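K.L.:
Residue numbers (the numbering used here): 1 to 439.
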Amino acid sequence: MKVSVVGTGYVGLVTGSCLADSGHEVLCIDADPVKVGRLREGHIPIYEPGLESIVVSNVEAGRLRFSLSAEEAVEFGEIIVIAVGTPPDEDGSADLRHVLAVARSIGQHIQDYRVVVDKSTVPVGTADRVEAAIREVLAERGIAVPFSVVSNPEFLKEGAAVEDFMRPDRIVLGVEDPQAEERMRELYAPFQRNHDRIVVMSRRSAELTKYAANAMLATRISFMNELANLADRLGADIEDVRRGIGSDPRIGYSFLYAGTGYGGSCFPKDVSALLRTASTEGQELLLLQAVETVNAAQKKLLVEMAREHMGSLAGKRVAVWGLAFKPNTDDMREAPSRVVLEGLWAEGAVVAAYDPAAADECRRIYGERDDLILAASPLEAVRGADALFILTEWKEFRAPAFDEIHRRMNRPLVFDGRNLYDPRAMRRRGFEYRGIGRR
Numbered sequence: 001m002k003v004s005v006v007g008t009g010y011v012g013l014v015t016g017s018c019l020a021d022s023g024h025e026v027l028c029i030d031a032d033p034v035k036v037g038r039l040r041e042g043h044i045p046i047y048e049p050g051l052e053s054i055v056v057s058n059v060e061a062g063r064l065r066f067s068l069s070a071e072e073a074v075e076f077g078e079i080i081v082i083a084v085g086t087p088p089d090e091d092g093s094a095d096l097r098h099v100l101a102v103a104r105s106i107g108q109h110i111q112d113y114r115v116v117v118d119k120s121t122v123p124v125g126t127a128d129r130v131e132a133a134i135r136e137v138l139a140e141r142g143i144a145v146p147f148s149v150v151s152n153p154e155f156l157k158e159g160a161a162v163e164d165f166m167r168p169d170r171i172v173l174g175v176e177d178p179q180a181e182e183r184m185r186e187l188y189a190p191f192q193r194n195h196d197r198i199v200v201m202s203r204r205s206a207e208l209t210k211y212a213a214n215a216m217l218a219t220r221i222s223f224m225n226e227l228a229n230l231a232d233r234l235g236a237d238i239e240d241v242r243r244g245i246g247s248d249p250r251i252g253y254s255f256l257y258a259g260t261g262y263g264g265s266c267f268p269k270d271v272s273a274l275l276r277t278a279s280t281e282g283q284e285l286l287l288l289q290a291v292e293t294v295n296a297a298q299k300k301l302l303v304e305m306a307r308e309h310m311g312s313l314a315g316k317r318v319a320v321w322g323l324a325f326k327p328n329t330d331d332m333r334e335a336p337s338r339v340v341l342e343g344l345w346a347e348g349a350v351v352a353a354y355d356p357a358a359a360d361e362c363r364r365i366y367g368e369r370d371d372l373i374l375a376a377s378p379l380e381a382v383r384g385a386d387a388l389f390i391l392t393e394w395k396e397f398r399a400p401a402f403d404e405i406h407r408r409m410n411r412p413l414v415f416d417g418r419n420l421y422d423p424r425a426m427r428r429r430g431f432e433y434r435g436i437g438r439r
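(1) With A353 and L323 assumed to form a contact (beta carbons below 8 Å), what rounded beta-carbon distance in angstroms separates them?
(2) So, is D422 buried or exposed, given that buried needs 16 or more other C-beta atoms within 10 angstroms?
(3) Closer than 8 Å by C-beta to I365: which residues in its own chain qualify, once you throw out the five before and the five after it? Chain order, please.
(4) Which residue's Cα is closest to the Cα of N58: V81, L19, E75, E71?
(5) Looking at the strands, I want to know which residues DSSP matches up with M201.
(6) Does W441 come out as helix, strand or coil in the three-state DSSP assignment?
(7) So the beta strand (DSSP E) C28 belongs to, where does it begin and stop?
(8) Have a look at P123, L256, R411 and flag the residue whose alpha-carbon is nearest the alpha-carbon of T86.
(9) What are the start and end residues of the beta strand (DSSP E) that includes L374?
(10) Pop quiz: C362 and L374 are said to be a contact at Cβ under 8 Å. What is the actual Cβ separation, rounded to whole angstroms?
(11) For S151, which residues does DSSP report across the bridge?
(12) For R65, which three-state DSSP category applies?
(13) Determine the burial state of Y253: buried for a count of at least 16 other Cβ atoms within 10 Å of its Cβ, exposed for fewer.
(14) Closest to E292 by CA distance: which of V137, K269, R398 is it?
(15) Within 10 angstroms of its Cβ, does R398 collect 16 or more other Cβ (buried), or is it exposed?
(16) Does DSSP put L313 in a helix, a strand or coil?
(17) Could I get the ranges of all uninterrupted alpha helix (DSSP H) runs contained in the region 203-242, with 4 residues as the minimum, in chain order?
(18) I believe Y211 touches L274 by the beta-carbon criterion, under 8 Å. Please report the beta-carbon distance rounded to the nearest angstrom.
(19) Please state if the CB of A103 and the CB of V150 are separated by a distance shorter than 7 Å.
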């Protein structure tokens with residue numbers, strides 16, 4: 001099939017590249033000429049394992065192309081995927097300006113039947129607004145062209161997006177007519193070799209499904225963080241509790257890890273947007289309000305623990321391992337590390353931070369400053385440190401050279417925001433150790 005993908009951000013680039021890799025012909029559109037030029041050369045603007053090789057191989061094979069022309073996108077693709085950004089507005093709602101601008105552009109150039117696919121994470125009712133925007137422009141042109149609008153939310157985890165797209169656990173299709181469903185089933189046929197993963201529903205149900213999924217996962221994280229803080233007071237160990245409740249098949253182990261709170265481009269934005277959606281309908285989502293409140297407090301926890309344990313942090317040198325909100329990405333949007341860094345600086349500390357992927361992103365956000373050192377290795381970061389904060393569970397942090405770390409630190413004090421280490425083993429190695437809800 002011929003597919004146009006409008007937007008070459010995280011969702012658009014992964015979607016377009018993986019569809020091309022399955023045999024479809026894909027044209028990706030972006031308004032940034034520099035970005036398009038670099039993509040044509042095989043340089044990708046995001047850190048995502050496995051993605052660059054897919055882009056390069058499919059560009060070379062001629063199945064994946066990049067362009068600046070919206071008109072070309074509408075002419076080329078029998079399916080047009082909208083994958084532009086929906087950043088949070090000041091009131092927490094999703095900003096749909098880019099989505100609706102693409103819809104109007106489709107209305108300006110469409111000549112034959114097209115399936116328009118909302119891939120961006122959007123509020124309930126957006127597919128209706130996209131359809132109305134296209135119809136409005138067609139009316140201005142004085143013509144009638146058939147088209148369908150489909151809601152097809154993405155469920156991609158940063159750091160595992162290629163695997164998630166290639167081997168999806170479900171493909172949600174919000175469709176209103178059989179012709180659109182038939183085209184979408186054809187599009188996803190290469191990903192359904194073993195069994196049918198497609199779940200068909202109304203467009204509004206599909207839009208709500210995306211928000212509901214992320215809100216549920218965020219709720220599990222905040223729930224475990226609240227329990228971890230209670231475990232600290234009660235003398236219990238949250239890891240034992242996690243294993244105890246996770247072994248119940250009704251609960252399971254996923255997203256039951258206590259830590260420094262959730263971040264990234266999805267959970268914070270989607271929880272906030274769902275709260276805003278409910279508010280416009282006159283409903284308060286009390287549980288999700290609490291989820292947000294717990295998460296905001298949890299991001300401040302490690303600095304509060306350090307202040308209690310160390311007294312004044314003024315003039316202290318603090319090592320930080322991990323800046324990205326999760327491993328295998330360079331994304332620092334809403335990352336706990338940002339709250340921690342800013343909290344340490346407010347206390348007068350100097351930070352020596354290491355992250356294998358997000359150093360450039362950190363430099364872009366904060367610029368050059370005297371109280372931020374971006375180290376080239378974990379061991380360089382801990383040299384002369386009065387404490388070590390662990391904020392991202394990168395694999396290289398799981399079994400570090402503890403003896404060398406102990407030797408290099410000014411004070412062997414570890415605040416483990418990801419509960420990577422066993423508290424008793426750390427104490428045997430001579431470290432002062434504080435985890436989240438660990439005995």
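Cβ coordinates follow ideal geometry from the N, Cα and C atoms, glycine included.
In this text, all values refer to a predicted model and were calculated from it rather than measured experimentally.
P.N.:
Reading it off the structure:
(1) Locating residue 353 in the sequence shown gives position 353, where the first residue counts as 1. Locating residue 323 in the sequence shown gives position 323, where the first residue counts as 1. Contact holds; Cβ gap of about 6 Å.
(2) Here residue 422 is taken as the residue at index 422 of the sequence shown, counted from 1. It counts as exposed.
(3) The count along the sequence shown starts at 1 and reaches residue 365 at position 365. Around I365: M332, R338.
(4) Along the sequence shown, one-based indexing puts residue 58 at 58. Nearest option by C-alpha distance: L19.
(5) Position 201 of the sequence shown, counted from the start, is the residue given in the question as residue 201. G174.
(6) A query on residue 441 cannot be resolved here, the shown segment of the chain reaching from 1 to 439 and no further.
(7) Residue numbering aside, residue 28 sits at position 28 when the sequence shown is read from its first letter. First-last of the beta strand (DSSP E) with C28: 25-29.
(8) Position 86 of the sequence shown, counted from the first residue, corresponds to residue 86. Closest option to T86, Cα to Cα, is P123.
(9) Here residue 374 corresponds to residue number 374 of the sequence shown, with the count starting at 1. It spans 372-374 - the beta strand (DSSP E) in which L374 sits, taken as one unbroken run.
(10) Counting from one through the sequence shown, the residue named residue 362 turns up at place 362. Counting from one through the sequence shown, the residue named residue 374 turns up at place 374. Going by Cβ atoms, the distance from C362 to L374 rounds to 6 Å, so yes, they are a contact pair.
(11) One-based indexing of the sequence shown puts residue 151 at position 151. Looking at the DSSP assignment, S151 forms a beta bridge with D118, G174.
(12) Stepping through the sequence shown from its first residue, residue 65 is reached at position 65. Of the three classes helix, strand and coil, the one that applies to R65 here is strand, per DSSP.
(13) Here the question's residue 253 lines up with position 253 in the sequence shown. That one is exposed.
(14) Along the sequence shown, one-based indexing puts residue 292 at 292. Of V137, K269, R398, the residue nearest in Cα terms is K269.
(15) To locate residue 398, count along the sequence shown from 1; it is residue 398. Label assigned to R398: exposed.
(16) Numbered from 1 along the sequence shown, position 313 holds the residue referred to as residue 313. Three-state result, L313: coil.
(17) 203-234
(18) Residue numbering aside, residue 211 sits at position 211 when the sequence shown is read from its first letter. Residue numbering aside, residue 274 sits at position 274 when the sequence shown is read from its first letter. At roughly 4 Å, the Cβ-Cβ gap stays under 8 Å, so Y211 and L274 are in contact.
(19) Counted from its first residue, the sequence shown places residue 150 at position 150. Counted from its first residue, the sequence shown places residue 103 at position 103. Not in contact: V150 and A103 (Cβ atoms no closer than 7 Å).
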